[in-house]
Amino acid sequence: MGQTLGAFQLDIISDGTFRLDGGAMFGVVPRVLWERVMPPDEKHRVVLGLNTLLVRTPYDTILVDTGIGTKWSPKYIEMYGIAHETTVPQSLAALGLTPEDITVVINTHLHFDHAGGNTYRAEDARLRPTFPKARYVVQRAEYDHARHPHERDRASYLPEDWEPVAAAGQFDFVAGEVEVSPGVWVVPVRGHNDFTQCVRITSHGQTAFYWADIVPTTAHVPFAWVMGYDLYPVELLENKKRLIPQAAAEGWLNIFEHDPRCPWGYIVAGDNGKYAVQPVT
Ligand SMILES: [Zn+2]
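Note that the working numbering gives residue 102 to position 102 of the sequence shown, counting from 1, and the numbers run on in steps of one.
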């Protein structure tokens, strides 16, 4: 079920689900609070969505993030609980599209659960870009950091997710807030890491916002519910306090990349300065 946004058509393109440690997903929030919203499995992991976003405009066919991808060995499939009920190419096919139809890929950042579907292992065992006709938009500083990560985030970056894209000359490096296609802006928001970019889509006065890991699930809408993975939690909190009220006041359609049940919805201001999500059905 897609959504119309002005002259644009939006669709959630799922790459299945995976699992991460519940404590790491909720940082300093006590388990007695988060387990009510996201019950953990026997390994203390919570199920997370891999919701990429397809944006069809009169100008481009854009995919925001590419999921976790299919290059995983059985050991890691088990470790991350990767379940491909569907993949990005399969989800595109359900809409009558192929990877060749994508003209722009936006990587919010290059962590493996966002850029894993950038590439795939072809039948000749070589790694290739999944979207052969697309330019891949990423912040140049994020790319530079991915190639030289530090100990704190090294495990999140896998060169196989970008090296084939670079070798094919398909990267479109940007710096700062940029309109990458008419009506589609990348908006860097610091907090999860240094250079994650959210995506703001606007057509005929309507706005959609792809939060990436700034607000990964509806459970992360409360300002202080930030992930243990976040490099700059206080800065992230400040950015949420700025952006979430704006999302509510301006009626943005919000996309929650890792929510397993509610990929998109409207944020509404409730009592006591708290915010809730009205799911899109
Ligand atoms: Zn993520």
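Every residue, glycine too, gets a C-beta built ideally from N, C-alpha and C.
All values derive from a computational prediction rather than experimental measurement.
Pop quiz: Gly69 and Gly116 are said to be a contact at Cβ under 8 Å. What is the actual Cβ separation, rounded to whole angstroms?
What you label residue 69 is simply residue 69 of the sequence shown in a count that begins at 1. What you label residue 116 is simply residue 116 of the sequence shown in a count that begins at 1. So it is a contact: roughly 3 Å between Cβ atoms.
Environment of Asn118 [buried if 16+ CB atoms lie within 10 Å]
Counting from 1 along the sequence shown, the entry for residue 118 is found at position 118. Taking a 10 Å sphere around the C-beta of Asn118, we find 16 or more other C-beta atoms and assign the residue as buried.
If you scan the segment 140-204 from start to end, which runs of the alpha helix (DSSP H) of 4 or more residues do you find wholly inside it?
Within the segment 140-204, the runs of alpha helix (DSSP H) that reach at least 4 residues and sit entirely inside it are, in chain order, 140-147, 163-167.
Measure the alpha-carbon distance for Val180 versus Ile214 and round it to whole angstroms.
In the sequence shown, counting from the first residue as 1, residue 180 sits at position 180. In the sequence shown, counting from the first residue as 1, residue 214 sits at position 214. In a straight line, the C-alpha of Val180 is about 20 Å away from that of Ile214.
Delimiting residues of the beta strand (DSSP E) encompassing Asp11
Within the sequence shown, numbered from 1, the residue matching residue 11 stands at position 11. Per DSSP, Asp11 belongs to the beta strand (DSSP E) from 8-21.
Here's a check: name, in chain order, each residue in its chain whose Cβ is nearer than 6 Å to the Cβ of Ser203, leaving out the five neighbours to either side.
Counting from 1 along the sequence shown, the entry for residue 203 is found at position 203. The residues are Leu5, Gly6, Ala7, Phe8, Gly183.
Alpha-carbon spacing of Asp15 relative to Arg147, whole angstroms
Stepping through the sequence shown from its first residue, residue 15 is reached at position 15. Stepping through the sequence shown from its first residue, residue 147 is reached at position 147. The C-alpha of Arg147 is placed about 25 Å away from the C-alpha of Asp15.
I'd like the span of the alpha helix (DSSP H) that includes Ile106, first residue to last.
By one-based count along the sequence shown, residue 106 stands at place 106. Boundaries for Ile106: no alpha helix (DSSP H) harbours it, while the beta strand (DSSP E) harbouring it runs 104-106, taken from the DSSP string.
So Val32 is in the beta strand (DSSP E); what residue range does that whole segment cover?
In the sequence shown, the residue the question calls residue 32 occupies position 32. Here Val32 belongs to no beta strand (DSSP E); instead the alpha helix (DSSP H) covers 31-37.
Leu237 in three-state terms, based on DSSP
Here residue 237 refers to the residue found at position 237 of the sequence shown. In the structure shown, the three-state DSSP call for Leu237 is helix.
By alpha-carbon positions, which one of Pro39, Gly169, Phe209 ends up nearest to Ala134?
Mapped onto the sequence shown, residue 134 falls at position 134. If we check each option's Cα against that of Ala134, Gly169 comes out closest.
Please identify the residue among Val47, Asp172, Glu257, Glu142 whose C-alpha is closest to the C-alpha of Ser156.
In the sequence shown, counting from the first residue as 1, residue 156 sits at position 156. The option with the nearest alpha carbon to Ser156 is Glu142.
Gly265 in three-state terms, based on DSSP:
For the purposes of this step, residue 265 is identified with residue 265 of the sequence shown, where counting begins at 1. Assignment of Gly265 by DSSP, reduced to helix, strand and coil, places it in the strand class.
According to DSSP, simplified to helix, strand and coil, what is Arg126?
Position 126 of the sequence shown holds residue 126. In the structure shown, Arg126 sits in coil (DSSP, three-state: anything other than H, G, I, E or B).
Does the pairing of the segment 224-236 with the segment 263-277 give three or more beta-carbon distances under 8 Å?
Output reads no: the segment 263-277 does not touch the segment 224-236.
Note down, in chain order, each residue of its chain lying with its Cβ closer than 8 Å to the Cβ of Ala24, except the 5 sequence neighbours on either side.
Taking the sequence shown and counting its residues from 1, one reaches residue 24 at position 24. Once the five neighbours on either side are set aside, the close Cβ partners of Ala24 are Met227, Gly228, Tyr229.
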